[in-house]
Amino acid sequence: MESMKGTSTGEDIFKCVENAFHKIELSWQKMTSITTDGSPYLTGKKVGLLKRICDQAAEVDFNKELIFLHCIIHHEICQGILDMKHVVDPIVKIVNFIQARGLYHR
Numbered sequence: 004m005e006s007m008k009g010t011s012t013g014e015d016i017f018k019c020v021e022n023a024f025h026k027i028e029l030s031w032q033k034m035t036s037i038t039t040d041g042s043p044y045l046t047g048k049k050v051g052l053l054k055r056i057c058d059q060a061a062e063v064d065f066n067k068e069l070i071f072l073h074c075i076i077h078h079e080i081c082q083g084i085l086d087m088k089h090v091v092d093p094i095v096k097i098v099n100f101i102q103a104r105g106l107y108h109r
């Protein structure tokens, strides 16, 4: 987890991700997929986070293909508008479970 100060452009977010990789000594070769909320700063084709990560992955392994996923948890708002409680509740529980366990990761 990295704190962000100032702006949150794709480049700024990439620098935080890069710092996190460096801190935990994680190789870019281990990257297989990325999940985003669809924000333009993340998905921008020229300067977004995904573009920067693809460029970095290509530097390490030219043939590397990353899988991009879109997180549906941000559609939690649908729970109130549509009758989606039966879908959103299990997702929220899973995300909370993962986040709680993530604090213990070294």
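Here the sequence shown is numbered in the numbering used here, starting from 4 and rising by one per residue. Positions of the beta carbon are idealized from the N, C-alpha and C atoms, including for glycine.
Task: THR38 versus HIS89 - alpha carbon distance - done: Straight-line Cα distance between these residues: approximately 23 angstroms.
Task: Distance, TRP31 Cα to THR46 Cα - done: Rounded to the nearest angstrom, the gap between the Cα atoms of THR46 and TRP31 is 19 angstroms.
TODO: Would you decide whether PHE71 is buried or exposed? Buried here means 16 or more other CB atoms lie within 10 Å of its CB.
DONE: By the neighbour-count rule (16 or more Cβ atoms within 10 Å), PHE71 is not buried but exposed.
Task: C-alpha distance - PHE24 paired with GLU62, whole-angstrom precision - done: Their Cα atoms are separated by approximately 15 angstroms.
TODO: Sort PRO43, LYS96, ASP64 and CYS74 by Cα distance to THR35 and report the nearest one.
DONE: Checked all of PRO43, LYS96, ASP64 and CYS74; the closest Cα to THR35 is ASP64.
TODO: Determine the burial state of ARG104: buried for a count of at least 16 other Cβ atoms within 10 Å of its Cβ, exposed for fewer.
DONE: In this structure ARG104 is exposed. Its beta-carbon is surrounded by fewer than 16 other beta-carbon atoms within 10 angstroms.
- [ ] Closer than 6 angstroms by C-beta to LYS67: which residues in its own chain qualify, once you throw out the five before and the five after it? Chain order, please.
- [x] By the criterion of a C-beta distance shorter than 6 angstroms, LYS67 is surrounded in its chain by ALA60, once the five residues flanking it on both sides are discounted.
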